[in-house]
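>
Residue numbers (my numbering): 3 to 58.
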């Protein structure tokens, strides 16, 4: 069968393909799961960063 006589080698190939498919599906499902909330700390950091950039 496809030149793969050892069942463990065949299992490894199938496992790699299965994990690749599962990884792609997981990434597609979870790609927008993170919340993009800007906190007051983020705002203060951005203002300080802009101030430093303007001084340069």
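Ideal Cβ placement from N, Cα and C applies to all residues, glycine included.
This one's a predicted model, so the numbers in the text were calculated from it and none came from an experiment.
Residues in its own chain within less than 6 Å of residue 10 by CB, not counting five upstream and five downstream?
In the chain shown, residue 10 corresponds to position 8, counting from 1. Excluding sequence neighbours, residue 10 sits near nothing in its chain.
> Round the Cβ separation of residue 12 and residue 21 to the nearest angstrom and send it over; I've been treating them as touching at under 8 Å.
Walking along the chain shown from the start, residue 12 turns up at place 10. Walking along the chain shown from the start, residue 21 turns up at place 19. About 15 Å; that fails the 8 Å criterion.
> According to DSSP, is residue 55 helix, strand or coil?
Locating residue 55 in the chain shown gives position 53, where the first residue counts as 1. The answer is helix: DSSP assigns residue 55 an H, G or I state.
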